[in-house]
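A.B. asks: Read top to bottom, the protein sequences are chains A and B. Residue numbering for the first sequence is 56 to 686, as defined by my numbering. Residue numbering for the second sequence is 876 to 952, as defined by my numbering. Each residue gets a CB set at the ideal place from its N, CA and C atoms; glycine is no exception.
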Amino acid sequence: MQGVAGKILRVNLTERKITTDEPEEDFYRKYLGGAGFVSYFLLKEVPPGIDALSPENKIIYALGPMTGLAMPGATRNCIGAKSPLTGGYSKTEVGGFWPMEVKKAGYDAIIVEGRADSPVYLLVTNDGVELKDAGHLWGKTVMDTHDTIAEETGIKGIRTSAIGPGGENQVRYACVINDLKDAAGRGGLGAVMGSKNLKAIAVRGRKNPQVADAAKLRELTLFMNKEYYDLPLFNPSMHDVGTGEHSMMISGNAVGNMPSHNFRDNDFPTVEKITATTTMDVYGTGMEACAACAIRCKKTVAIQEPWNVDKRNGGPEYESLGALGSTCGVDDLAAIIKANELANLYSMDTISLGVSIAFGMECFENEIITLEDTGGIDLRFGNAEAMLQMVEMIARREGIGATLAEGTKRAAEILGHGSEEFAMHVKGLELPMHDPRVKQGLGIVYSFEAHGADHCAGLHDTAATQPSAGFEHLKGMGATIPLPANDLSGDKVANQKASHLWSLFRDSAVSCQFVPWTFSQQVEIIAAATGWSYTAHEALQLGERVATLGRIFNLREGIDSSQDELPKRFFNGTKSGGLKNGGIDKEKMDEAVHTMYAMMGWDEHTGVPTRAKLAELGISWAEEEIPATVA
Amino acid sequence: MNVIIEPIGPLRRHLEEGHKSATVTLPDGATVTDALSALGVSEDAQWNASIEGQLVYGDAEVSDGDHLLVFSPIEGG
Ligand code: SF4
Numbered sequence: 056m057q058g059v060a061g062k063i064l065r066v067n068l069t070e071r072k073i074t075t076d077e078p079e080e081d082f083y084r085k086y087l088g089g090a091g092f093v094s095y096f097l098l099k100e101v102p103p104g105i106d107a108l109s110p111e112n113k114i115i116y117a118l119g120p121m122t123g124l125a126m127p128g129a130t131r132n133c134i135g136a137k138s139p140l141t142g143g144y145s146k147t148e149v150g151g152f153w154p155m156e157v158k159k160a161g162y163d164a165i166i167v168e169g170r171a172d173s174p175v176y177l178l179v180t181n182d183g184v185e186l187k188d189a190g191h192l193w194g195k196t197v198m199d200t201h202d203t204i205a206e207e208t209g210i211k212g213i214r215t216s217a218i219g220p221g222g223e224n225q226v227r228y229a230c231v232i233n234d235l236k237d238a239a240g241r242g243g244l245g246a247v248m249g250s251k252n253l254k255a256i257a258v259r260g261r262k263n264p265q266v267a268d269a270a271k272l273r274e275l276t277l278f279m280n281k282e283y284y285d286l287p288l289f290n291p292s293m294h295d296v297g298t299g300e301h302s303m304m305i306s307g308n309a310v311g312n313m314p315s316h317n318f319r320d321n322d323f324p325t326v327e328k329i330t331a332t333t334t335m336d337v338y339g340t341g342m343e344a345c346a347a348c349a350i351r352c353k354k355t356v357a358i359q360e361p362w363n364v365d366k367r368n369g370g371p372e373y374e375s376l377g378a379l380g381s382t383c384g385v386d387d388l389a390a391i392i393k394a395n396e397l398a399n400l401y402s403m404d405t406i407s408l409g410v411s412i413a414f415g416m417e418c419f420e421n422e423i424i425t426l427e428d429t430g431g432i433d434l435r436f437g438n439a440e441a442m443l444q445m446v447e448m449i450a451r452r453e454g455i456g457a458t459l460a461e462g463t464k465r466a467a468e469i470l471g472h473g474s475e476e477f478a479m480h481v482k483g484l485e486l487p488m489h490d491p492r493v494k495q496g497l498g499i500v501y502s503f504e505a506h507g508a509d510h511c512a513g514l515h516d517t518a519a520t521q522p523s524a525g526f527e528h529l530k531g532m533g534a535t536i537p538l539p540a541n542d543l544s545g546d547k548v549a550n551q552k553a554s555h556l557w558s559l560f561r562d563s564a565v566s567c568q569f570v571p572w573t574f575s576q577q578v579e580i581i582a583a584a585t586g587w588s589y590t591a592h593e594a595l596q597l598g599e600r601v602a603t604l605g606r607i608f609n610l611r612e613g614i615d616s617s618q619d620e621l622p623k624r625f626f627n628g629t630k631s632g633g634l635k636n637g638g639i640d641k642e643k644m645d646e647a648v649h650t651m652y653a654m655m656g657w658d659e660h661t662g663v664p665t666r667a668k669l670a671e672l673g674i675s676w677a678e679e680e681i682p683a684t685v686a
Numbered sequence: 876m877n878v879i880i881e882p883i884g885p886l887r888r889h890l891e892e893g894h895k896s897a898t899v900t901l902p903d904g905a906t907v908t909d910a911l912s913a914l915g916v917s918e919d920a921q922w923n924a925s926i927e928g929q930l931v932y933g934d935a936e937v938s939d940g941d942h943l944l945v946f947s948p949i950e951g952g
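#1: With a cut-off of 8 Å, does the C-beta of leucine 911(B) fall near any C-beta of chain A?
#2: What residues are listed by DSSP as bridge partners for histidine 942(B)?
#3: Going along chain B, which residues have a C-beta under 8 Å from glutamine 694(A)?
#4: Excluding five sequence neighbours on each side, which residues of the same chain lie with their C-beta closer than 7 Å to the C-beta of tyrosine 401(A)?
#5: Taking only beta-carbon atoms, is methionine 303(A) less than 8 Å away from chain B?
#6: If we ignore side chains and look at the alpha-carbon of each, how far apart do proline 539(A) and aspartate 516(A) end up?
#7: Residues of chain A with CB under 9 Å from serine 925(B), in chain order?
#8: Please classify methionine 342(A): does DSSP put it in a helix, a strand, or coil?
#9: Write down every uninterrupted run of the alpha helix (DSSP H) in the segment 203-231 of chain A whose length is 4 residues or greater and which is fully enclosed by it, in chain order.
#10: May I ask you to list, following chain order, the residues of the segment 521-551 of chain A that have a beta carbon less than 8 Å from some beta carbon of chain B?
#11: How many angstroms separate the CA atom of glycine 150(A) from the CA atom of asparagine 609(A)?
#12: Can you give the Cα-Cα distance for asparagine 181(A) and aspartate 546(A), rounded to whole angstroms?
#13: Indicate whether arginine 492(A) and isoleucine 639(A) have their beta-carbon atoms separated by less than 8 Å.
#14: Can you say whether histidine 489(A) is buried or exposed, counting buried as having 16 or more other CB atoms within 10 angstroms of its CB?
#15: Less than 7 Å between the CB of glycine 150(A) and some heavy atom of the ligand SF4, yes or no?
#16: Entirely within the segment 82-134 of chain A and at least 3 residues each: give me those beta strand (DSSP E) ranges in chain order.
#17: So, are the CB atoms of methionine 303(A) and isoleucine 949(B) less than 8 Å apart?
#18: Quick check on DSSP: helix, strand or coil for valine 937(B)?
#19: Whose CB is closer than 6 Å to a heavy atom of the ligand SF4? List the residues in chain order.
#20: Based on the DSSP output, what are the partners of glutamate 485(A) in its beta bridges?
#21: Using only alpha-carbon positions, find the residue among Asp81(A), Leu64(A), Glu80(A) that is nearest to isoleucine 73(A).
#22: Span of the beta strand (DSSP E) holding glycine 183(A)?
#23: Rounded to a whole number of angstroms, what is the C-alpha to C-alpha distance between asparagine 233(A) and threonine 215(A)?
#24: Can you pull out the residues from the segment 348-359 of chain A whose beta carbon lies closer than 8 Å to at least one beta carbon of chain B?
#25: Within 8 Å of any Cβ in chain B, is that where the Cβ of threonine 517(A) sits?
#26: Between the Cα of alanine 189(A) and the Cα atoms of Thr463(A), Glu579(A), Ala171(A), which residue gives the shortest distance?
#27: Which residues of chain B have a Cβ atom closer than 9 Å to the Cβ of asparagine 421(A), listed in chain order?
#28: Report the option in Lys85(A), Ile412(A), Val66(A), Leu604(A) whose CA atom is closest to the CA atom of tryptophan 587(A).
#29: Using the beta-carbon of each residue, which ones in chain C are nearer than 7 Å to asparagine 132(A)?
#30: Can you name the residues of chain B whose CB is closer than 7 Å to the CB of asparagine 636(A)?
#31: Taking a cut of 9 Å between CB atoms, which residues from the segment 938-951 of chain B lie near chain A?
#32: How long is the line joining the alpha carbons of proline 174(A) and threonine 458(A), rounded to whole angstroms?
#33: Keeping to the same chain, check which residues put their C-beta closer than 7 Å to that of threonine 69(A); ignore five residues upstream and five downstream.
#34: Taking the DSSP output, what are the residues bridged to asparagine 923(B)?
#35: Classify tyrosine 176(A) as buried or exposed, calling it buried when 16 or more other Cβ atoms lie within 10 Å of its own Cβ.
#36: With the cut-off set at 8 Å, would you say leucine 379(A) and methionine 442(A) are in Cβ contact?
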């Protein structure tokens, strides 16, 4: 095979046993990598009904055929496991440099099983794979962990994928951090590492696999490096300030898309103070990139006073500015940047973290959480100091922090007193910073997606309200016509389905969604790397395969269509601002979700994949995983 | 009738230097698309627009005194 390493590393921590699998080419072609591998291995190998934080869970780090190629958007990996946050299927993607090293060390994926009896880290190089003691690293931040491993191994250019105290303490939304600042954010997979006593995977590789057509890859790379800024699918502000540029956040706020005060108000007059543009103007030190990416969308920041923020730990993305900022009613930019740094050092997902703190704030304002519960902290919206204190308490599971570390769904179950009304999640995964009352089609995806409310898995409606190059591109994958953002017709469902399948194909390749590769360029890249010429049909089928396997995984865990629902808040408007005229029409949303089931080849009423669809996707083996109670 | 158009972000290039908004005069029954064409925004440019916080689309009629906010797609991760 070309373009892939041909090997999957398997590490059993309980037995301290290291083996390799060498799957056939057919397997690669069918599941490709990334999300495809994750969906396959989770359903095949994770036993039903297990506790996500038990040794029976497995965590899968999967690369794709693009990983490691010296071109923009290519160095990424996907991580998957049963989620401690949702109890269901979970996958999340991340960039940096670590994924490239794994490929060069000779692996397409790493599957970690069992639980070590004491903290360990995994060291992977071309010379071998070793489990090393991590007792001295336990309790350390991600940065200190990385620096200590780099120093003690003496391996120049070593890269780590690690957890900090948030993962060790099994905060249910702990994330995994590649190279200090790139987060595999969602679903709590850092807690799975923590539960396994796995502190980090440190890698240094030397050899890229042979590719099928190096000249073609060079040509495409040169094209992207030269042209990206002017390509119609590119947003130039990504290069300038990364996500969260001034006009995007200001206009988002004007129409009600910018969550504020736990999605209660979505009207945040001081939004200019917390945009990415302001961040760069006031605290910016530069822009950095993942390996070989010309776009350089990663902001770096530094602060000396009132808190020290080290630029090595990265700057906040839009999601972090919104979640730790406006969602908590906080417009103190330095505090938001510090909270973002702490989230990276401690390995916690900034979205779930911010939304969980905002949940705590709304509970506090409604006297469900008291001053006694907080240890005297005045947990009101807008209190930046209190927000920062919560970040620390959650990471250490201290006091009320232990409740908020459970995520909003479980925290509401613990607190009771109607607090579920303030829990902004789908299936347990907290909502990202794109309000489904504005982007109603994205709300369909938030509702039905296997791992909950994910803003990377569907079409942002405001990008498809009129004919454009972007929309033309999506048409080639089955989109119908541009539609208003609040439309929930069958045509809108078709647009969302097209975008969803495209995202799952990309997540299997594993390629960055910010790089404006077109669909045809994407398949050209895969063909040039591997020699496999995917047609549009085959690529979109791959997306369907990933979605359908994720669906079945959830059904097996008891997560059925009753959980394909947005929180009640989104069916109402806000007091002022862009949403003052009302929220989503619930009946229309329910109908759209059921239309999506039917379009996916699942039962229109129950959302259970049909036998015919499984056969069409070549995954009839998955039928026996569907519980008899729903089949 | 007169409609005020306030572009945010890159679409500001359609304004005279130093201006935050422009006022365009339109016939009765004019639409959002007509208002934007009067400012020189081409049909294939990607934009969103709102009046008083409500998203409006190309064929929506505008009224005298409307304040039209125009901006790029709101995306970002
Ligand atoms: S666009 Fe940004 S996130 Fe994507 S690969 Fe390039 S630098 Fe990394």
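C.D. replies: The structure says:
#1: no
#2: Ile879(B)
#3: Examination of residue 694(A) is not possible in this model, given that chain A is present from 56 through 686 alone.
#4: Thr196, Gly219, Pro220, Gly221, Ala450
#5: For methionine 303(A), the answer is yes, since a Cβ of chain B falls inside 8 Å of its Cβ.
#6: 7 Å
#7: Correct list: Ser306, Ala309, Val310, Gly633.
#8: strand
#9: 220-223
#10: Gln521, Pro522, Ser523, Ala524, Gly525, Pro539, Ala540, Asn541
#11: Between glycine 150(A) and asparagine 609(A), the C-alpha separation is close to 27 Å.
#12: 51 Å
#13: yes
#14: buried
#15: yes
#16: DSSP runs (the beta strand (DSSP E)) wholly in the segment 82-134 of chain A: 114-117.
#17: Going by beta carbons, methionine 303(A) and isoleucine 949(B) fall inside the 8 Å limit.
#18: coil
#19: Pro127(A), Gly128(A), Gly150(A), Ala344(A), Cys345(A), Cys348(A), Ile350(A), Arg351(A), Cys352(A), Lys353(A), Cys567(A), Phe569(A), Val570(A)
#20: His480(A)
#21: Leu64(A)
#22: 183-188
#23: 6 Å
#24: none
#25: yes
#26: Considering only alpha carbons, the answer is Ala171(A).
#27: None at all; the shortest Cβ gap to chain B is about 26 Å.
#28: Lys85(A)
#29: Looking for chain C here will not work: the only protein chains present are A and B.
#30: Close partners of asparagine 636(A) in chain B (Cβ separation under 7 Å): Gln929.
#31: Leu944, Val945, Phe946, Ser947, Pro948, Ile949, Glu950, Gly951
#32: Those two C-alpha atoms are separated by around 25 Å.
#33: Excluding residues up to 5 positions away in sequence, Pro110, Gly169, Arg170 lie with their Cβ nearer than 7 Å to the Cβ of threonine 69(A) in the same chain.
#34: Phe946(B)
#35: buried
#36: yes
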